[in-house]
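Colleague: Below you'll find the structure I mean.
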Amino acid sequence: MGKRGPRKGRGNDRRVSATRDEARRPVRGDARGGSGRGDARNGRPGFGMTVHGEFTVVVTQLVAYALFFGIVYTLGVLTPGGIIGSGMLAMSATMLMIVGWPFGGTEKQGVFGRIMVAVTFVVSAIVVLPSEFYTDVTYLRWAAYLAVAALLVVAASFLWANTRHRGQSESENDPGTVVRIGIESGWTVLCGSCWIFLPAMYADMAKPEAASAVGWTVFLVLVVAAVVLLRVSTRQWNALEHPAAYAWLGMGMVPVMRFGLLVFLAACATHWLM
29 MGKRGPRKGR
39 GNDRRVSATR
49 DEARRPVRGD
59 ARGGSGRGDA
69 RNGRPGFGMT
79 VHGEFTVVVT
89 QLVAYALFFG
99 IVYTLGVLTP
109 GGIIGSGMLA
119 MSATMLMIVG
129 WPFGGTEKQG
139 VFGRIMVAVT
149 FVVSAIVVLP
159 SEFYTDVTYL
169 RWAAYLAVAA
179 LLVVAASFLW
189 ANTRHRGQSE
199 SENDPGTVVR
209 IGIESGWTVL
219 CGSCWIFLPA
229 MYADMAKPEA
239 ASAVGWTVFL
249 VLVVAAVVLL
259 RVSTRQWNAL
269 EHPAAYAWLG
279 MGMVPVMRFG
289 LLVFLAACAT
299 HWLM
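In our numbering, each residue carries its 1-based index in the sequence shown increased by 28.
Below, the structure written as structure tokens:
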């Protein structure tokens with residue numbers, strides 16, 4: 029009998045097989061390519077991610093508030109620059125929310141929500157531009173528009189949710205998620221468009237009558253509301269599953285845009301009561 033050759037390295041074969049299995053294994057993370065929250069399990073941020081997502085959401089809000097109030101004040105209260113600046117800031121916040129989509133859902137549900145946001149903002153701009161700014165008619169007209177537009181957003185969301193689309197999975201056709209995304213995104217951009225009334229609120233709060241009970245009440249309500257919205261946004265961020273890339277940026281814009289409704293209500297209070 030001849031000599032038996034050396035045994036093949038089974039250990040090496042096993043290591044090569046394990047390496048191949050590891051290569052085939054899917055990478056953890058959002059299937060849509062990137063997350064807005066760092067992976068706490070491995071601590072490695074990916075595209076558009078940040079490990080400190082909640083902190084970044086808070087900082088984004090504070091910076092946005094500073095820009096809104098600071099730029100409008102610098103451009104001049106009740107000047108064309110201040111009025112146009114408030115509108116441009118509202119449009120910028122809307123665009124950032126569209127880019128960093130913070131409402132979750134599937135890709136197609138996100139497309140529906142983004143269309144809802146874009147259409148709602150354009151209609152809001154069309155409604156507010158032809159009117160004379162900051163008169164009694166302006167406030168009444170805008171309040172009526174908000175009421176009608178809010179109802180239309182709800183109707184459009186339910187209509188789209190009840191429309192079945194061929195070739196879509198059950199998750200993409202989930203009516204509850206579609207309605208939630210449509211209403212949240214539509215109402216948020218409606219509130220964000222109310223920032224156009226910031227110059228009017230600035231002008232009224234600069235009057236000597238602002239030192240009255242009405243002025244102090246308005247100021248305290250705005251401060252408390254900003255804190256509450258900030259806290260709610262951090263809870264929503266922590267509850268968001270598989271956030272999209274740069275969702276922290278959009279989530280930071282959501283409370284700032286919703287704060288715009290309070291700006292409009294404060295402008296109404298100072299206009300009618302002071």
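By construction, the Cβ of each residue, glycine as well, lies at the ideal position given by its N, Cα and C atoms.
Check the C-beta distance from residue 254 over to residue 287 and give it rounded, since I have them as a contact under 8 Å.
Modeller: Sure, about 6 Å apart at Cβ, within 8 Å.
Colleague: Can you tell me which of the three DSSP states residue 256 falls into?
Modeller: In the structure shown, residue 256 sits in a helix (DSSP, three-state: H, G or I).
Colleague: Pair every Cβ in the stretch 170-180 with every Cβ in the stretch 146-159, then say whether three or more of these pairs are closer than 8 Å.
Modeller: Output reads yes: the stretch 146-159 touches the stretch 170-180.
Colleague: Contact between the stretch 89-105 and the stretch 213-228 is defined here as three or more beta-carbon pairs at a separation below 8 Å; is this criterion met?
Modeller: At 8 Å Cβ cutoff, the stretches touch.
Colleague: Considering only residues of the same chain and omitting the five flanking positions on each side of residue 204, which have a CB-CB separation below 8 Å?
Modeller: So the list reads 189, once near-sequence residues are dropped.
Colleague: For residue 186, collect the residues of the same chain with a Cβ closer than 7 Å to its Cβ; drop the 5 residues on either side in sequence, then sort them by chain order.
Modeller: Here the set comprises 207.
Colleague: Count the other CB atoms, across all protein chains shown, that sit within 10 Å of the CB of residue 129; report buried if there are 16 or more and exposed otherwise.
Modeller: Residue 129 comes out buried.
Colleague: Give a yes or no on contact between the stretch 234-243 and the stretch 81-96, applying the rule of three or more CB pairs nearer than 8 Å.
Modeller: Touching, no, given that fewer than three Cβ pairs across the two stretches are closer than 8 Å.
Colleague: In terms of alpha-carbon separation, which member of 181, 164 and 266 lies closest to residue 301?
Modeller: The residue with the shortest Cα to Cα distance from residue 301 is 164.
Colleague: Verify whether the separation of the beta carbon atoms of residue 278 and residue 125 is less than 7 Å.
Modeller: Taking 7 Å as the Cβ cut-off, residue 278 and residue 125 qualify as a contacting pair.
Colleague: With 16 as the cutoff for other CB atoms within 10 Å, does residue 140 come out buried or exposed?
Modeller: So residue 140 counts as buried.
Colleague: By the three-class DSSP mapping on this structure, what secondary structure does residue 164 have?
Modeller: Here residue 164 sits in helix by DSSP.
Colleague: Can you give me the start and stop residues for the alpha helix (DSSP H) that residue 222 sits inside?
Modeller: That residue, residue 222, is in no alpha helix (DSSP H); it is neither H nor E in DSSP.
Colleague: Reducing DSSP to helix, strand and coil, say where residue 301 ends up.
Modeller: Reduced to three states, the DSSP call for residue 301 is helix.
Colleague: Between the stretch 213-225 and the stretch 282-299, do three or more beta carbon pairs fall short of 8 Å?
Modeller: Yes, since at least three Cβ pairs between the stretch 213-225 and the stretch 282-299 fall closer than 8 Å, the two stretches touch.
Colleague: Identify the continuous alpha helix (DSSP H) that holds residue 135 and give its terminal residues.
Modeller: Here the alpha helix (DSSP H) through residue 135 covers 135-156.
Colleague: If distances are taken between C-alpha atoms only, which option among 291, 157 and 268 comes closest to residue 252?
Modeller: Here the closest residue by C-alpha is 291.
Colleague: Please look up how many angstroms separate the CB atoms of residue 177 and residue 218, rounded, as I've assumed it's under 8 Å.
Modeller: About 6 Å; that satisfies the 8 Å criterion.
Colleague: Under the three-state reduction of DSSP, which class applies to residue 213: helix, strand or coil?
Modeller: Looking at residue 213 - three-state DSSP - the assignment turns out to be helix.
Colleague: What distance in whole Å lies between the Cβ atoms of residue 167 and residue 299, which are believed to be in contact at a cut-off of 8 Å?
Modeller: Between residue 167 and residue 299 the Cβ distance is about 6 Å, and since that is below 8 Å, they are a contact.
Colleague: Identify which residue in 143, 107 and 282 has its Cα closest to the Cα of residue 210.
Modeller: Taking only the C-alpha atoms, the option nearest residue 210 is 143.
Colleague: So for residue 76, helix, strand or coil by DSSP?
Modeller: Summary for residue 76: the model assigns pLDDT 47, below 50, so the residue's position carries little reliability, and this model does not support an answer.
Colleague: Per DSSP, what kind of secondary structure is residue 266 in: helix, strand or coil?
Modeller: Of the three classes helix, strand and coil, the one that applies to residue 266 here is helix, per DSSP.
Colleague: Buried or exposed: residue 295, going by 16 or more other Cβ atoms within 10 Å of its Cβ?
Modeller: Residue 295 is buried by the Cβ-count criterion.
Colleague: Applying the 10 Å Cβ sphere with the 16-neighbour rule, what's the burial state of residue 244?
Modeller: Exposed: under 16 other Cβ atoms inside 10 Å.
Colleague: Identify which residue in 248, 266 and 202 has its Cα closest to the Cα of residue 136.
Modeller: Minimum Cα distance to residue 136 is reached at 202.
Colleague: If we ignore side chains and look at the alpha-carbon of each, how far apart do residue 212 and residue 132 end up?
Modeller: Their backbone Cα atoms lie some 11 Å apart in a straight line.
Colleague: Could you tell me which of 283, 157, 99 and 248 sits nearest to residue 264, measuring between CA atoms?
Modeller: Nearest option by C-alpha distance: 283.
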